[in-house]
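Protein chains in written order, with my numbering: chain A, 603 to 1069; chain B, 603 to 1069; chain C, 603 to 1069; chain D, 603 to 1069.
Idealized CB from N, CA, C, for every residue including glycine.
Note sheet for the following structure.
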């Protein structure tokens, strides 16, 4: 099974040192991954720093040379515990015939296992578990044949199936490219003296860059301080943007492919009211991810909005030492219900999505303990029934609460008075893009690219497909 | 001038180990101080750990003995840069005739300088800059004469002028006491197998303790696993609770002296609308501290509430290394305006308070840059014109924006279209307590205790008073 | 019982920044204490840094102000595990009527418990367990009465019984003083632009300072960049220099009170041969402390000197984490015998001293395992039978191997073929000073100052004395 | 030019957990590299830990799984500053067709650049700068063709030119192999419940293992808890053991290929006296590396041996922070001359080798300043005139003092009264092996394997060879 991870990337090239802006960009993308952070900069060679932890913790105390560099890329990463080691942190750096290459990758190469096994049969050894090493090797492998890095990237893209938004430093040249379906976001910005790419527009905002446009699906761009050269995709036009970026993953103030995440979330709240109205006294968000949805719901419903659950901002990260399992912060520490607001009230609780259902169960119980007479859960994402193979870290199918269960079952399981999920149609409408321009794999089990054992959208499973 | 600092305290005694709950309590109070953290526990002697940083950073990797201890106190602290050193971190620990004493203190002893100088004249040497050492010495000094720790505390209280909410461990005995005016909060809770005191009720909530009551102003309590012995104040009844705890400092879900902070803030928003109505399209909070006020304002005004500024939760702490001044996160990194919401709109911006005005100026400018046609600032706290000497870390008088300025001046200075501060009467009404039960020193220049150079409420200045 | 510890001190005042030389001095004294290190410097106030660990680990990354300071003191410390905490690290800093005072102390105040209890009865609270706090308080207490720091130190010395070599910074004024018997070493040096004091002359050598002279027992000196003012002791002339500094503790290249430690150790080796000759093939030192003795012995005996035991220089410090007891380096890791040298040989093993005997027993066994046909242990210090109360960290009496045992018993216990200790007369002769000018408490149970339960040299025990 | 580095390796397989012994072994080899340390262990997958620093600093706080592992390898490393980064730390770990492989390597692959370039032309990308990655790839590349790891190693050895002593973990199988000339040491030991390989026999001694034998040049061994399977080299018998291991690099108590390093060094001292006698009063070693040579010299000469220079054991490692260049410990801090011994004396100073000459120059000056009337330098290694390309970290040719200079020139340059180097013949005699069994490249410019630009022993340069 592909390595599951979620990441953010930044790349900058300017006529002045880039480190300061690179760090600002990475801090703006920190929500995309808090497990490791890294940078690779060009100063007559690739200078690299990678570490386990937050940007503010591990990307400090740089030597002077880092402060001088005028081109660089950066990465933040989250991954499932098993493969959470420094060995897999990014950017990955390699050297080959034409020099050095560093690469920061958000997404998942779905056919990495196939490529890896094929090469292993030929006698290859892999120095990491990451699909980023696969990408580096694909590019390196084509370079002697193509003679140009752009052509090598293009040919490598022809071999890669999956999602990828990538910032790449080849010696001092900065490139960025995005998979042909544009599954993960990537956008382009302009600084007074250079250019920048980043996973989300908030990184541009934070460093005071001007948003220029999204990188087109399948496009390769080369950035220089002076300008941007685009190498558009050969053909196509098919798209499959990850709906979960809008629902939960991206920062609310990010615009992706022209649409503001916050607006989508508010609209999801409004649609939820339309689809699942309920008589109630209060609309209460699960902070922070349910706030925008809850405001939309409350406005549409005309029911007062109340912050009935207060989040402790200092336990968002567990800082757990090995063997200190018992110290893991409980839901009691993280979310505190306000009895004064909830007592005797019929409460609509709004969450952005429900994955395993454990947290929802505990929150519903806490809200009841605080005196709520009824607790109705409304969820801004359709039931998640299938894993993500394309760049969102999710548990495996048998850990989800929804598969094979009726909403009545789920309601009972979670202990709510009612549960209402947004419909797939409602979700698509809230996003405001054509149904076929979105990747809905985790909610409709149809994936935009072939995944072993899963159905390709509008088609058979890979196995059927190959048969 | 007294050392300025803000702090949180916890104390627990149970029949089972306390460390786990002590850390939960301190994490729940982390908003009261992020600069240093410490604990002192009893296990046949006082075991101490203090460090610069967050609870989750410095209170880890304890030796086995700490895990066994069944009584302990803890502290989180913020102070002005000058005295921000490990030497002044708390709890402070001392040994004297009857054993060991550790003390965690929130508040400021206003006559510490006087006491210090008097003792210095007599040949005393002080091992720290803290007023906590003054308190320890006062208690120790009376102990041989009184023979009882409670009497010694009582006599020490007779010498101390100022604010103090204190958890104190004398050998394995846990005590707590609060200054006669009850300036800083302190409450009592019950655990299944013991008792706990904490600066705010949220610490009790987080560890699953039941709130019992606030410690009465001037009261000394002794806590044991089995019960609580109260030593009520000799007389009095005068009160002076810090209004700023309700306005900004305490967590919104804390109840202090019977009143929920969140409710006060919402009510401040409603009062603000009554006092300073304005024709506008949107109510936008300065997150996070202005959210409750803004929701109250929007509700009262019937103007839509919009989260037009998004906070980057990962730059709340600067993690600044020495000499890295230039990396200090700017307002651009911390708060990102959403153009889609603000463009062409008449915006009411709600903040909890304005101290120096610099942040307000920058936020107003950012909101304008994002396209707002008008920006009206409403502030949930009257103009701050005088320093706090009693437990809130504030700059000195000449750094405030308000003293000696008209609101028109301030409006111009900040660059808003209008500025409206809540009135003192409006504030008092929102808190719902008698005017004379509050400390309003920073907004009316009348302090509940004598401060050199300042006016005592209902009286002359200390100098006049002593003359 | 007094806190047991061993320490080193440095103090420098120059017309240029002192930090660099202060750290060189402390590193040269690192053998005197590896547990904590600290400095206090004057730059319009006392700047302090203290930490657990080596100088090179904890005294780094100083802020700019430390680099500017032109007067400062430093300290390295070792103490028994129980009181090994940051709270007791030095220099200790205090403030009082005339300003700030920082103090670095080597030695032990024997009557500290008495002073402490007396003050505690009067209501004093102590902020640390150290006798340094006692000294600070004694000085502070006299200051208002004397009006001069020198007089206050002199009066404090009148109250202090024990050993002390002290560097003291009073605001920007540097002082040094030594107990009336000169028990611990302290010497004075000259830099191109200032003056320095240090526990051992090697600290002067390392920073390129010129040795001027030892501080006289009972003398107080004030150092300025320009000169040195001496305040000689009122009378006396009695001395009691710690013989163990020569035998083991000081660095071999240090000169103390006119005598080079290395020469004493070589002479001890020669005397050992005279007192305990033995027919043997090889003389083998226990490295590193027995090397000088062994060279002297081999030379006198005309028996070849061989390094038959090789030390692993990387396990000298255990770096043991809590709970990692099992990783503690064994004698096998620390000392490796060379079979090629030892096999079939009659070996004289030379150690500087034997305290508990455990290490000697293991080394003798290892040397036998490596094939030695005979192992004769020769010890450069008479049997240690009584604790040190005056500045050397030693176990308590019942942990020593020697008390109440004959040499035959000890020989059997250690498993050697013979054991020969240097005699007290031999030791005194090797040192080359009058018997009465040395402190021999740990080997003859007669102490130069009154110790509760012990005999004062030439007198009765304190109890008898007081009776 | 090949990456220059010096390293130590250990590998253990037992029926009980290996971590404890692995760490003991690495600490015993710490002198071979203090810059990075790492381990790879098998516990249903390769668990790895690598870090910059000493074993005792970076190999701590392991998770439980590491403590359970029963097979593992370890590495310590030193390299020239330029490539001193975590990215190049070892063991290196890779995965390929038959599972996982971790490898710890001491030595240098001389044709790595050639192999690297050839592969790069074919489109390969390298994830590190190390020759270890080259070795891993060579093995992986042959594995599909050979079907056996031993055959793959054998075929890989056929492509590798240079020095290598390697411990290799393939899944849970432990292998070790040594280059066909046996340039770097590697030996085999037995534990009560398993087997171990290590760079030097001292690692076996430290963990209480029994030395079995050296790994034969060109041999591959597989170790299991129960036994050792040897795959002897196909033919050959040529040898080229690094003479510098005996002269300086190995620990004195190590036996390599049957010869104790200490004995070689003593004998070098004796030969030095024979070759370069001098009338003098004292023989003084440069500690620690010149001690054994000096004892041999003194014995042969009948001149007294004196430790006239004392080393500060606490400045052996600089602990220098970035930008703290000025704190670098000087020779004054590291070595302190004892005037009492040196004054007015004719001194023979013995050092193991002279590379750049800077240190020698400073030491000679210090000894003169301490009063020596004459200083004669005797050096236990012939003049170093050519770089090491095979596993000893040395500067480049133009930094050596000796090339193109007469001994008279060098004497003047260093400021000695006379300088005497051991002759190559004397060196070979002291080692006691045939001249042709040693690698003498750095002293006679004839290398045992082809090095670009250098002469192969008994042959032409590679260029001539290929022409």
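Taking one beta carbon from each stretch, the segment 616-624 of chain C and the segment 745-753 of chain C have fewer than 3 pairs nearer than 8 Å; the two do not touch.
Around residue 746(C), the beta-carbon contacts reaching into chain B at under 7 Å are 723, 724 and 725. A Cβ-Cβ contact shorter than 9 Å links residue 902(A) with residue 872(A). In chain order, 934 and 938 make up the part of chain D whose C-beta sits under 8 Å from the C-beta of residue 807(C). The C-alpha of residue 701(B) lies about 23 Å from the C-alpha of residue 731(B). Chain-order list of chain B residues neighbouring residue 810(A): 934, by C-beta distance under 7 Å.
Remark: fewer than three beta-carbon pairs, one from each stretch, lie closer than 8 Å, so the segment 808-827 of chain A and the segment 1009-1029 of chain A are not flagged as touching. Using a Cβ-Cβ cut-off of 9 Å, residue 735(B) is close to 727 and 729 of chain C, given in chain order. About 16 Å separates the Cβ atoms of residue 852(A) and residue 1039(A), ruling out a contact at the 8 Å cut-off. Put simply, the CB of residue 884(B) is far from chain A, with every gap to its CB atoms at 9 Å or more. When Cβ-Cβ separations below 9 Å define contact, residue 777(A) makes no contact with chain D. Exclusion of the five residues before and after residue 899(A) leaves 871, 874, 875, 885 and 952 as the residues of its chain whose Cβ lies within less than 6 Å of its Cβ.
By the C-beta density criterion, residue 831(D) is exposed, having fewer than 16 other C-beta atoms within 10 angstroms.
For residue 1043(A), there is no enclosing beta strand (DSSP E); the residue is found in the alpha helix (DSSP H) stretching over 1043-1046. For residue 841(B), the closest Cβ of chain C is not nearer than 9 Å.
According to the DSSP assignment, residue 968(B) belongs to no beta strand (DSSP E) but to the alpha helix (DSSP H) extending over 960-971. Within the DSSP bridge table, the entry for residue 789(B) names 800(B) and 816(B) as partners. Taking residue 728(B) as the centre and dropping the five residues before and after it, the same chain places the C-beta of 718 and 735 closer than 7 Å to its C-beta, in chain order. Within the same chain, and ignoring the five residues on either side of residue 957(A) in sequence, the residues whose Cβ sits closer than 6 Å to its Cβ are 986. In the three-state scheme derived from DSSP, where H, G and I count as helix and E and B as strand, residue 836(B) is classed as coil. For residue 865(C), the nearest beta carbon of chain D is closer than 9 Å to its own beta carbon. Across the structure, residue 979(A) and residue 850(A) are spaced so that their CA atoms are roughly 17 Å apart. Straight-line spacing of the CA atoms in residue 650(B) and residue 677(B) works out to 11 Å.
Rounded to the nearest angstrom, the Cβ distance from residue 865(C) to residue 935(D) is 23 Å, too far for a contact under 8 Å.
Within the segment 625-704 of chain D, the complete beta strand (DSSP E) segments of 3 residues or longer fall at 638-644, 648-654, 673-681 and 694-698, listed in chain order. Beyond the five residues adjoining it in sequence on each side, residue 689(B) comes within less than 7 Å, by CB distance, of 730 in the same chain, given in chain order. Boundaries of the beta strand (DSSP E) harbouring residue 950(B): 948-953, taken from the DSSP string. Contiguous beta strand (DSSP E) elements confined to the segment 859-911 of chain C occur at 884-887, taking only those with 3 or more residues. Boundaries cannot be given for residue 1037(B), as no alpha helix (DSSP H) includes it and DSSP labels it neither H nor E. Membership of residue 767(C) in the beta strand (DSSP E) is indicated by the continuous run 764-772. With a contact defined as Cβ atoms closer than 8 Å, residue 680(C) and residue 630(C) miss out at about 16 Å.
Against residue 626(C), the close residues of chain D are 935, in the order they occur along the chain (beta-carbon pairs closer than 7 Å). Apart from the 5 residues on each side of it in sequence, residue 633(D) sits with its Cβ closer than 7 Å to the Cβ of 853 in its chain, given in chain order.
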